[in-house]
Every structure is written in C-alpha cells, then in structure tokens.
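Contents: one structure, followed by commentary.
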Amino acid sequence: MIAFSQIILKYTFLNQAEILQALSDWKYFLLIIATISIAAAGYIINDIYDVDVDHINKPDKVYVGTHISEKNAYNLYFILNIIGVGLGFYLSRAVGKPSIAAVFVICSALLYVYSNGLKQIPLVGNAVIAALAALSILVVGLFNIFPFIFDFNKEVMFSILSVIIDYAVLAFLLHFAREIIKTIEDIEGDKAFEITTVASYFGITVSKIITSITLLGFIGYACYFIYYNIMHMPYVIGYFVILLFLPILFVIFKTIRANSKEDFSFISKLLKFIMLATILSLAAIVLIGN
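Numbering of the sequence shown is given in the numbering used here, commencing with residue 2 and proceeding in unit increments.
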C-alpha cells in the first residue's frame, strides 16, 4: 500500500501538475525502497516482540520462530533499517537538504520504541502508527517538492504541498481507525498476556465510539478538501461520495453492530479497501476532474 500510494502520488498527481520535482524517476524509486524498508523493518521487530501473543491472535500468521528464526529476523531487521536510513541520507544529499534524512532515522527509532512498549500506551501507540503511515505520504513532498520551492514558484508549490498534507491527514484518520479496530480484534490475546491496548483498557464499547468518531472526522475533513479543491469537479465529488463516504458510513454501522472477532476482521478489510479508494481518488482528480 505504501509503494502504491507513492506511485499514484507521483505518476498521476505530481506529473500532471507539470511542476519542478527534485527527484528523477530512479531516485524516486529509491525513495519508495527506503520507505518500504523502514516499514518492513518495523513489521519485523513488532513480530519479534509479539510472537507469543500472535499465537493466540493470529496463529496462521506467525512467521518468527516458524518460517524464520529469531536471529535471522533480527538480522533482516537491521539490514532493512540500514538500507532505509542509508538511502534516506543519500537522497537528502542528492536534493541538497541533508537534514531531512532525519525523517528516516526518527521513523526507524519510533517503530522500535513502539514495538518495545509504546504500543501499550492506549491511543498514543495507535496515533504513532497512524502518523507514520501519514508520513509515508508527506515524505514525498519533503523530498520531491520542498527542495525545489523558490520565489518564482512558491505559490504553486505550496498549493501542491497542501494537497499532499490533506491526503496525509486522511491517511492518518483511516489508519488510526483501523488501529483501534485491530485492538478489538486482538483483545483475547492481549488480555491473556496483560497487554494494555485501547480495547483492553477502555473496553469494546468505548473503542467502537472512538473508531466511529474518527471515521466521521475523515468524512468531515474530506468535505473540507472537496470544498476548497474540487467543488468544480462533480464527477470526482461523486467518486468521493460513492467510494469513500458511503463505505465509511457502512463501516460505522458495522462497527456499532459488530460483536465477534470475525466481524472486526471484516471491518479491518473494509478499511483497507477505503484506504485504496482514497489514494486512487488522486488519480480520479487527474483523470476525471480534468
């Protein structure tokens, strides 16, 4: 999903805008590799720390200790971090902004801290993961747009950056809602190992309310985006209504009525579809709106 989002962002929205971009195609590909590497490393370290509880929550998806040894998992974790951070330093120097490499260092550190205990702080851990998901979109603006902002083009470039920020906010809200749903889905194993999550600490009812409010916030922010950016594109507005708003209202309805692990697993899958539809709306703006 990360790579797909970054590809759609560049090869539909940014290329269509015909603006100066700091990264050539192959350097943009390296940015994608760097982002994926850091994210994959985060998944691995989380799986290492969660191997026991995962035997209860998702026994068919336990890889550490079954498909790969813990030692090799750690080795892969370090290799992926080196690739991600190394490429981050290379690209930051290539665009003349060495300091922005810190983004990859911070992301790597946050993912480790998250797996090592931060995820047991209700809402905070969920917000960190959602923020990192949003950052995978913001990093495109940071590396590809920000270095090429000059006096003669700053108005156009800032308008492009504002759209990227808007989509990062939408990504944050969707990922945050899905993170809460996942805590409900995994509540059995989390309680068995006394792991503190939103669902195990606040209860399922409160978790449902938080999820529903977050998703309503997504609709509200998307309406704000529509009003200020695409009010002149009725077909794209139709896309938002049919493929984003209606599915989200359905997810809220299903969340309120859900009472089994299978129900919440289904809701999690629906939110993945909505994430996909959200990033594809950028392509819709370009292909349908113009």
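Glycine included, C-beta positions come from ideal geometry on N, C-alpha and C.
Our two residues, residue 240 and residue 277, have alpha carbons roughly 13 Å apart in a direct line.
In this structure, residue 206 lies away from residue 178, with their beta-carbon atoms at least 7 Å apart. In the structure shown, residue 63 falls within a coil segment according to DSSP collapsed to helix, strand and coil. Residue 164 and residue 134 have their C-alpha atoms some 16 Å from each other.
Between residue 238 and residue 227, the C-beta gap is smaller than 7 Å, which places the two residues in contact.
Assigned with DSSP and collapsed to three states, residue 69 falls in strand. Going by beta carbons, residue 266 and residue 186 fall inside the 7 Å limit. Non-local beta-carbon contacts of residue 144 in its own chain, meaning distances under 7 Å to residues more than five positions away in sequence, involve 23, 24, 32, 92, 96, 101 in chain order.
Here residue 97 carries a coil assignment [DSSP, helix/strand/coil]. Between the beta-carbon of residue 39 and that of residue 109 there is about 6 Å, and that keeps the pair under the 8 Å contact cut. Residue 250 and residue 117 have their C-alpha atoms roughly 35 Å apart. Taking every protein chain shown into account, the CB of residue 99 has fewer than 16 other CB atoms within 10 angstroms, so this residue is exposed.
Excluding the 5 residues flanking it on each side, residue 16 has no same chain C-beta neighbour closer than 7 Å. The region 118-132 makes no contact with the region 69-79: fewer than 3 CB pairs, one atom from each, lie closer than 8 Å. Taking the Cα positions, residue 115 is about 42 Å away from residue 233. Counting only runs of at least 3 residues, the region 196-239 fully encloses no beta strand (DSSP E) element at all. In the three-state scheme derived from DSSP, where H, G and I count as helix and E and B as strand, residue 82 is classed as helix. Residue 48 counts as buried, since no fewer than 16 other beta carbons sit within 10 angstroms of its beta carbon. Taking residue 262 as reference, the option from 247, 37, 200 with the minimal CA-CA separation is 200.
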